[in-house]
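In what follows, a structure is listed as structure tokens, so that the remarks can point back to it.
Residue numbers (our numbering): 1041 to 1270.
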């Protein structure tokens, strides 16, 4: 784990983070001919999205997807799908391929199987950018959900799963831990002192079921780089 990526302002964070991501995507394209990246939603990454959308890289060879999404209409203001389309899939980045997690009306097991089969075409991901809630959830792996053990199962196949949180609205579709931890570059993007406090709490104990972010921050084989600004 690395906490050295601390910035005085969110604007500085967005600029530096976008530069790093662009370099890593370009390196992946050079190495294998394509790249893939998964983003988290919420208000935190909006500035990063705008910076990254203006990076002049070969976006036609990049697949962009989401770490997770709420099971709502893609025009809903709570949709991460909409968030990406309005803030990231613009400018140069409009040339990227977008893999939506919301492609049907019903969130069924068959849908999840089919969606996972499609995602296997670009897994493992080159870059994963996680967010984190005040309760220590990340992606849509919620400690309050009946699916928390399924989401954190390190022996499971990489997959997309359904989660029904009890402390947050909407059913969710999310990549599981097994899929996200395989990323070549793994990040946690957070802002504000309250999130720094949650990180400290997460590092003080290893119970990932109570705080799922611990599974990523305390993995012995994978570095989760933290990008933080006040």
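Ideal Cβ positions, reconstructed from N, Cα and C, are used throughout, including at glycine.
- In this structure residue 1264 is buried. Its beta-carbon is surrounded by 16 or more other beta-carbon atoms within 10 angstroms.
- Residue 1074: not part of any alpha helix (DSSP H); DSSP gives it neither H nor E.
- Non-local C-beta neighbours of residue 1244 in its own chain, meaning closer than 8 Å and more than five positions away in sequence, are absent.
- The segment 1163 to 1183 makes contact with the segment 1208 to 1219, as at least three CB pairs between them are under 8 Å.
- Counting only runs of 4 or more residues that sit fully inside the segment 1115 to 1200, the alpha helix (DSSP H) segments are 1120 to 1127, 1149 to 1159, 1188 to 1192, in chain order.
- Between residue 1234 and residue 1174, the C-beta spacing is below 8 Å.
- Straight through space, the alpha carbons of residue 1056 and residue 1183 are spaced by roughly 32 Å.
- In chain order, 1217, 1218, 1221, 1255 place their CB closer than 8 Å to the CB of residue 1194, counting only its own chain and leaving out the 5 sequence neighbours on each side.
- In the displayed model, residue 1231 falls within a strand according to three-state DSSP.
- Counting only runs that start and end inside the segment 1060 to 1110, the alpha helix (DSSP H) elements of at least 4 residues fall at 1086 to 1093.
- Taken atom to atom, the span from the alpha-carbon of residue 1089 to that of residue 1095 is near 10 Å.
- Between residue 1068 and the set 1208, 1139, 1098, the nearest pair of CA atoms involves 1098.
- Distances from the alpha-carbon of residue 1257 to those of 1125, 1196, 1177, 1157 put 1177 closest.
- Secondary structure at residue 1266: strand, using DSSP grouped into helix, strand and coil.
- By the Cβ neighbour-count rule, residue 1052 is exposed, with fewer than 16 other Cβ atoms within 10 Å of its own.
- In this structure residue 1064 is in contact with residue 1225, their Cβ atoms being roughly 5 Å apart against a cut-off of 8 Å.
- Pairing residue 1248 with residue 1188, the inter-Cα distance amounts to about 9 Å.
- A check of alpha carbon separations from residue 1141 across 1202, 1048, 1102, 1186 identifies 1202 as the nearest.
- Counting only residues of its own chain and dropping the five nearest sequence neighbours on each side, residue 1103 has a CB closer than 6 Å to the CB of 1076, 1137, 1139, 1162.
- Remark: C-beta atoms of residue 1112 and residue 1078 do not approach each other more closely than 8 Å.
- Around the C-beta of residue 1120, 16 or more other C-beta atoms lie within 10 Å, and the residue is accordingly described as buried.
- The three-state secondary structure of residue 1050, taken from DSSP, is helix.
- Less than 8 Å divides the Cβ of residue 1253 from the Cβ of residue 1172.
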